[in-house]
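Peer 1: Line order of the protein sequences matches chains A and B. Going by numbering that gives the first Met the number 0, the first residue of the first sequence is number 0, and it counts up by one from there. Going by numbering that gives the first Met the number 0, the first residue of the second sequence is number 0, and it counts up by one from there. Got a structure for you, written out below as structure tokens; questions coming shortly.
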Amino acid sequence: MGSARNLLSMAGGATAALTSVGASLCCAGPAAIAVMGVNGAIFAAGLRPYRPILLIGSFLLLAFSHWSVYRRTVARLGAACSVRAGRISRVVLWIATAMWVAALFIQYFADLYWLEGGTL
Amino acid sequence: MKTAIRSLAFISLLFVVAATAARIGSEADDSDPRYLVLDADAEALRARFNDDLGKTRVVMLVSPTCGGCLRGADQVQKKVLAKIDSPDLAAYAVWVPANGGRERHLPRVLDLVTDARATQYWDDYDVVEEWYRVMLEFDGPCAGVFMVYGPEARWDGESPPEPDYWEDAHTDLRAVYLAPQLNARRLAEVVRKQLQRASD
């Protein structure tokens, strides 16, 4: 039950982080088109107005996933020992977290480094 | 901690690959018949605009590397040009070098506007963007702008005439409100009214 919940929250967090990246990346210039393609950029541009909601939602889901994966659990008397979350789960979680951070700053770096005259 | 560092390295690698791909990109073919390269006076656009006097005209000022612009061009194609089959309608997609866009990015986006009444241009000297940036009082890059001109509009001066109506694909990003957020259905209604007015 616990591992299913972990998996679910992690999948949710990762998906939300991915969506946030898409919504942030849509307008970050040539890199956006290279990563997502024309149709991907068009789809992501439609998500852009929801970027703040996506970022907050994915942050909450990721925070919950971190708590689920890294919390210390004490086995109750007679119950099976708690098992630490698997390596793959932790890798996915950290990748999703890194993507969330990237989504947060991507527009700032795009403005700063590779787009002249401001972004759209 | 190791996991976090590896994840960050992976994400960084993804960005390096993306940036390299963007740089190499798809190279534009000099003889691509789908668009014309504008000179410093945008003469080809001016001539076409004036040749189409008597028609309702839609001008799209778009960057090939801006998601909102691509979405706008796609919607105008699907909800305006594809829905209104009048021969008295003409459209011009002017691709501008805003938001990191370059001519080499065009081949990937030209198929968004497929209507036979539409002509596409590359604003090589960035003059069209500059004219509209001043005219429409933009603070930043002028792209993602969709304008409608009535049948009487004529381009006489150096810069194009003021549009009769326009919408902006990036209203939510502007510091000040300049025009309504692009809504292709509403734009189609404006075009229909102009066509109706011309036929009356």
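A virtual CB, placed ideally from N, CA and C, is assigned to each residue, including glycine.
Between which residues of its own chain and GLU26 of chain B is the CB-CB distance below 6 Å, once the five residues before and five after are set aside?
Peer 2: Residue mapping note: residue 26 of chain B aligns to position 27 of the second sequence, counting from 1. Caution is warranted here: a pLDDT of 47 is assigned to GLU26 of chain B, below 50, making its placement in the model unreliable, and no coordinate value can be reported.
Peer 1: Taking CB distances under 9 Å as the criterion, tell me whether THR14 of chain A reaches chain B.
Peer 2: On the first sequence, residue 14 of chain A is found 15 positions in, with the first residue counted as 1. For THR14 of chain A, the answer is no, since every Cβ of chain B falls outside 9 Å of its Cβ.
Peer 1: Return the residue from the list B:ASN182, B:LEU194, B:GLN195 that minimises the CA-CA distance to VAL75 of chain B.
Peer 2: Position 76 of the second sequence, counting from 1, holds the residue named residue 75 of chain B. Among B:ASN182, B:LEU194, B:GLN195, the Cα nearest to that of VAL75 of chain B is on B:ASN182.
Peer 1: So, at 8 Å on beta carbons, what are the nonlocal neighbours of LEU61 of chain A in its own chain, with the 5 sequence-adjacent residues on each side left out?
Peer 2: Against the first sequence, residue 61 of chain A aligns to sequence position 62. Cβ neighbours of LEU61 of chain A beyond the five flanking positions: GLY12, ALA15, ALA16, LEU92, ALA95, THR96, TRP99.
Peer 1: Using the beta-carbon of each residue, which ones in chain A are nearer than 7 Å to ASP171 of chain B?
Peer 2: Taking the second sequence and counting its residues from 1, the one referred to as residue 171 of chain B is at position 172. In chain order: PRO48.
Peer 1: According to DSSP, is ARG44 of chain B helix, strand or coil?
Peer 2: In the second sequence, residue 44 of chain B corresponds to position 45, counting from 1. According to the sequence displayed, residue 44 of chain B carries Leu and not Arg. In the structure shown, LEU44 of chain B sits in a helix (DSSP, three-state: H, G or I).
Peer 1: Using a Cβ cut-off of 7 Å, pull out every chain A residue sitting near ARG70 of chain B, in sequence order please.
Peer 2: Numbered from its first residue, the second sequence carries residue 70 of chain B at position 71. Within chain A, the residues placing a beta-carbon under 7 Å from that of ARG70 of chain B are ILE41, ALA44, GLY45, ordered along the chain.
Peer 1: The beta strand (DSSP E) spanning ASP167 of chain B covers which residue range?
Peer 2: Start at 1 with the first residue of the second sequence, and residue 167 of chain B comes out as number 168. Taken as a continuous stretch (DSSP letters only), the beta strand (DSSP E) holding ASP167 of chain B covers 164 to 167.
Peer 1: When the Cβ atoms of the region 112 to 122 of chain B are set against those of the region 134 to 151 of chain B, are three or more pairs found closer than 8 Å?
Peer 2: no
Peer 1: Is the beta carbon of VAL147 of chain B closer than 9 Å to that of VAL61 of chain B?
Peer 2: Mapped onto the second sequence, residue 61 of chain B falls at position 62. Mapped onto the second sequence, residue 147 of chain B falls at position 148. Against a cut-off of 9 Å, the Cβ pair of VAL147 of chain B and VAL61 of chain B comes out as no contact.
Peer 1: Looking at the secondary structure, which residues open and close the alpha helix (DSSP H) in which TRP130 of chain B lies?
Peer 2: Within the second sequence, residue 130 of chain B is the residue found at index 131, counting from 1. DSSP places TRP130 of chain B in the uninterrupted alpha helix (DSSP H) bounded by 126 to 134.
Peer 1: By the DSSP assignment, the beta strand (DSSP E) with ALA117 of chain B in it spans what residues?
Peer 2: Numbered from its first residue, the second sequence carries residue 117 of chain B at position 118. 117 to 121 is the extent of the beta strand (DSSP E) around ALA117 of chain B.
Peer 1: What span of residues does the alpha helix (DSSP H) with PHE58 of chain A cover, start to end?
Peer 2: Mapped onto the first sequence, residue 58 of chain A falls at position 59. From DSSP, the alpha helix (DSSP H) with PHE58 of chain A extends over 50 to 69.
Peer 1: Which residue spans inside the region 85 to 111 of chain B form an unbroken alpha helix (DSSP H) run of at least 4?
Peer 2: Counting only runs of 4 or more, we get nothing.
Peer 1: Opposite VAL36 of chain B in the DSSP bridges: which residues?
Peer 2: As a position in the second sequence, residue 36 of chain B is number 37, starting the count at 1. VAL36 of chain B pairs with B:TRP121.
Peer 1: Taking the straight line between their C-alpha atoms, what separation do you get for ASP125 of chain B and VAL95 of chain B?
Peer 2: By one-based count along the second sequence, residue 125 of chain B stands at place 126. By one-based count along the second sequence, residue 95 of chain B stands at place 96. Going from the Cα of ASP125 of chain B to the Cα of VAL95 of chain B covers about 6 Å.
Peer 1: Return the residue from the list B:GLN193, B:PRO162, B:LYS192 that minimises the CA-CA distance to ALA178 of chain B.
Peer 2: Here the question's residue 178 of chain B lines up with position 179 in the second sequence. Measuring from the Cα of ALA178 of chain B, the nearest candidate turns out to be B:PRO162.
Peer 1: When DSSP labels each residue in this structure, what does ALA15 of chain A get in the three-state scheme?
Peer 2: Residue mapping note: residue 15 of chain A aligns to position 16 of the first sequence, counting from 1. In the structure shown, ALA15 of chain A sits in a helix (DSSP, three-state: H, G or I).
Peer 1: Taking just the CA atoms, how far does ARG196 of chain B sit from PRO106 of chain B?
Peer 2: Here residue 106 of chain B refers to the residue found at position 107 of the second sequence. Here residue 196 of chain B refers to the residue found at position 197 of the second sequence. Taking the straight line from one Cα to the other gives about 37 Å.
Peer 1: Would you call ALA46 of chain B buried or exposed, if buried means 16 or more other Cβ atoms sit within 10 Å of its Cβ?
Peer 2: Mapped onto the second sequence, residue 46 of chain B falls at position 47. When all chains shown are included, ALA46 of chain B counts as exposed.
Peer 1: For VAL147 of chain B, write down the residues that DSSP places opposite it in a beta bridge.
Peer 2: On the second sequence, position 148 is the one that residue 147 of chain B refers to. Paired residues: B:VAL57, B:TYR164.
Peer 1: With 9 Å set as the bound, which would you pick, yes or no: does the beta-carbon of GLY36 of chain A sit closer than that to a beta-carbon of chain B?
Peer 2: If you number the first sequence from 1, residue 36 of chain A lands on position 37. Output row for GLY36 of chain A: interface = yes.
Peer 1: So, under 8 Å CB-CB, PRO160 of chain B and TRP130 of chain B are touching, yes? Tell me the CB distance rounded to an integer number of Å.
Peer 2: Mapped onto the second sequence, residue 160 of chain B falls at position 161. Mapped onto the second sequence, residue 130 of chain B falls at position 131. Actually they are not in contact, since the Cβ atoms of PRO160 of chain B and TRP130 of chain B sit about 10 Å apart, beyond 8 Å.
Peer 1: Taking C-beta pairs closer than 7 Å, name the residues in chain A that ASP73 of chain B reaches, listed in chain order.
Peer 2: The count along the second sequence starts at 1 and reaches residue 73 of chain B at position 74. Chain A residues near ASP73 of chain B: ILE41.
Peer 1: Cutting at 7 Å between CB atoms, please list the residues of its own chain near HIS169 of chain B, excluding the five before and the five after it.
Peer 2: Taking the first residue of the second sequence as position 1, residue 169 of chain B is located at position 170. Around HIS169 of chain B: GLY67, GLY143.
Peer 1: Indicate the three-state DSSP secondary structure (helix, strand or coil) for SER198 of chain B in the structure shown.
Peer 2: Locating residue 198 of chain B in the second sequence gives position 199, where the first residue counts as 1. Of the three classes helix, strand and coil, the one that applies to SER198 of chain B here is helix, per DSSP.
Peer 1: Tell me the rounded alpha-carbon separation between LEU194 of chain B and PRO86 of chain B.
Peer 2: Counting from one through the second sequence, the residue named residue 194 of chain B turns up at place 195. Counting from one through the second sequence, the residue named residue 86 of chain B turns up at place 87. Answer to the nearest angstrom: the Cα atoms are 10 Å apart.
Peer 1: Looking only at C-alpha atoms, which of A:ALA33, A:ARG89, A:SER19, A:ARG50 sits nearest to SER67 of chain A?
Peer 2: On the first sequence, residue 67 of chain A is found 68 positions in, with the first residue counted as 1. Ranking A:ALA33, A:ARG89, A:SER19, A:ARG50 by Cα distance to SER67 of chain A puts A:ARG89 first.
Peer 1: With distances taken from CA atoms, which of B:PHE48, B:LYS54, B:ARG173 is nearest VAL190 of chain B?
Peer 2: Position 191 of the second sequence holds residue 190 of chain B. Among B:PHE48, B:LYS54, B:ARG173, the Cα nearest to that of VAL190 of chain B is on B:LYS54.
Peer 1: Return yes when the Cβ of TYR120 of chain B is within less than 9 Å of the Cβ of LEU209 of chain B, no when it is not.
Peer 2: Given a span of 0 to 199 for chain B in the structure shown, any question on residue 209 of chain B remains unanswerable.
Peer 1: Between LEU177 of chain B and chain A, is there a C-beta pair that is closer than 9 Å?
Peer 2: Start at 1 with the first residue of the second sequence, and residue 177 of chain B comes out as number 178. Output row for LEU177 of chain B: interface = no.
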